Amino acid sequence: MTHSHTASPASSTTPASHRRFDPTDSSDVKPGMRRRRIVALLPPTPLLLPEATGHAQYPAQLRTEIDRARQWILPTDGPITIAFHPDDSMATRHVGSLKAWGIDVNVGAGTYLPVLVLRALLRRWGYDDEIVSVDVHDVQFLADDGPLLDGPLLIAADGGAGLHPDAPLGDVPGAWAVEEQLRRFVIDPAAQASAPLFDVAATAHCGIDPEPWIAWANFCRSHPSGVSTLYHWSSIDDRADTTAEQHDDPRTHDGPPAQDGPPAYGGIGFHCGVWQLTTVM
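Heads up, the sequence shown is in the numbering used here, so the first residue is 133 and it goes up one at a time.
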């Protein structure tokens, strides 16, 4: 498997204080002060939870890749913020529970699947939200410079489900091209955000909720020099590398290389990125 590009956790600078920045308090701000925050994009899929999948092969591989992001997010003594798109079709009446999705996991708070999954992931990583709080926001808060606050920010964003005839949505025309755009964005969001990220109509056919992606892209477009990549991984990395060997420009290739056997990662696009956001106050 292709190894994802990473930077050593030691190379990122941990904020001296995780106290939240109060924009109304001028004593918090010194001219030229640099603030650093970890931002991570994670797939809010129940497959990240062993209770949902047991020891099935590709979910276990998925968890291994996503778990690599933990070293930049934890430990922290400040609040963690989860940003997601509140889609009512992904909500439950069982507060804090994944029972509606057939999973016997309770995280104590939350009614939307992305929030429940990321809370459960943090708990699996050893984060105690009874000691240090988890704040939850609509992803649109990024437009109000929400990421400029202290503490790790987790953005819940999914990929598509149409990369193979056996995928949940089947073999969706154009799905590979959309996933490749997302993959390139995760690698270098500041560079890729300078142009439209994708065709919103195309994402709908692939089963992708575009809102989290667009919100983070818009933020990166407004702060192009402040985002540096620490880690990136996509479930199509291996196939993208193969495509690059077969084609001069993989962006012009609309589908993955020929595959034998079952689809990689169930024919679903999963993406994970960790970045250090640096802002000058």
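Where is the CB? At the ideal position from N, CA and C, for every residue including glycine.
This one's a predicted model, so the numbers in the text were calculated from it and none came from an experiment.
Of the residues the options, the one placed nearest residue i, counting alpha carbons only
i	options	result
D219	T243, V310 and L206	T243
V237	E343, I170 and T185	T185
V266	R315, E311, R316 and P211	P211
T213	L173, L181 and A232	L173
D303	L194, L179, P178 and G401	G401
L414	T138, W257 and N350	This structure gives no information on residue 414, because the portion of the chain shown stretches from 133 to 413.
S326	T410, N350, E311 and W233	N350
Q203	A336, L281, L181 and V171	V171
H215	V271, G306 and L409	Checking the sequence, you will find Ala at residue 215 rather than His. The option with the nearest alpha carbon to A215 is V271.
F273	H217, Y363 and T224	H217
W233	S354, A201, F330 and P178	P178
P300	P395, T224 and S221	P395
Y397	D277, Y259, K231 and H296	H296
R353	A223, R251, L409 and Y363	L409
I198	T138, D260, G278 and L329	T138
Residue i to residue j span [Cα, whole Å]
i	j	result
S229	R255	14 Å
V318	G405	6 Å
P356	A323	7 Å
V247	A288	8 Å
P191	I235	15 Å
D370	P342	24 Å
A309	C338	11 Å
L253	A307	27 Å
R316	E183	31 Å
D282	L245	25 Å
S194	L180	Inspection of the sequence shows that residue 194 is occupied by Leu rather than by Ser. Each residue's alpha carbon lies about 7 Å from the other.
D331	H269	25 Å
L286	D298	30 Å
H364	R200	10 Å
A223	R251	15 Å
L362	Y259	21 Å
K231	S221	15 Å
Assumed close pair residue i, residue j - CB separation to whole angstroms, cut-off 8 Å
i	j	result
R166	V412	6 Å
A293	G399	7 Å
I340	D290	6 Å
L314	H226	Contact flag wrong, Cβ pair sits at about 31 Å.
S360	W407	6 Å
A275	A347	7 Å
V264	D209	6 Å
Buried or exposed (CB count within 10 angstroms, at least 16 for buried), residue i
i	result
G240	exposed
E262	exposed
P175	buried
T196	exposed
D154	Annotation note: pLDDT 41 at D154 (below 50); position unreliable, coordinate value reported separately. Label assigned to D154: exposed.
V249	buried
A333	exposed
A336	exposed
E311	buried
P284	buried
P305	exposed
P344	buried
- Which whole runs of the alpha helix (DSSP H) in the stretch 214 to 258 are 4 residues long or more, in chain order? 245 to 256
- Task: Quick one: which unbroken alpha helix (DSSP H) runs of 4-plus residues sit fully inside the stretch 324 to 371? Chain order, please.
- Result: 332 to 338 and 342 to 354
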